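Shown next, in structure tokens, is the structure this report addresses.
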Amino acid sequence: MLLSPDLGGAFEIVRSVFDPGAELAEAQTRPTEEAGYIISGNLDLWISDKLFSLKEGDSFRFRGEPYRWRNPGDEPAVVIWVIAPPVY
Numbered sequence: 000m001l002l003s004p005d006l007g008g009a010f011e012i013v014r015s016v017f018d019p020g021a022e023l024a025e026a027q028t029r030p031t032e033e034a035g036y037i038i039s040g041n042l043d044l045w046i047s048d049k050l051f052s053l054k055e056g057d058s059f060r061f062r063g064e065p066y067r068w069r070n071p072g073d074e075p076a077v078v079i080w081v082i083a084p085p086v087y
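See the structure below:
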């Protein structure tokens, strides 16, 4: 769900729901600054091959680094993701 429908601004805000076992297996690198907040569930996030095991209430931030993610839990992971500049 896109929370910032006006993409003419400096950033976009996305509410992402990752099903149990979902993953981005191949690392991506984008020319963006990204930050997020875990609303519920768990998310494993690799930033430049460093693993961060995130849970409800945790946050993250990275800029232009390769990243990938996986939901290791048995419930959906809900994340608010902020991306600048918008890429949607």
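Heads up, the sequence shown is in numbering that gives the first Met the number 0, so the first residue is 0 and it goes up one at a time. Beta carbons are placed, not taken as given, at the ideal position from N, Cα and C, and that holds for glycine. Given the structure is predicted, the values throughout are model-derived calculations rather than measurements.
- Pairing Trp80 with Val16 gives a Cβ-Cβ distance that is not under 7 Å.
- From the listed residues Ile37, Pro19, Glu25, Gly7, the smallest Cα separation to Arg60 is found for Ile37.
- Bridge pairing for Ala83: Glu32 [DSSP].
- Arg69 and Gly8 have their C-alpha atoms some 29 Å from each other.
- The beta carbons of Gly40 and Pro75 sit closer together than 7 Å.
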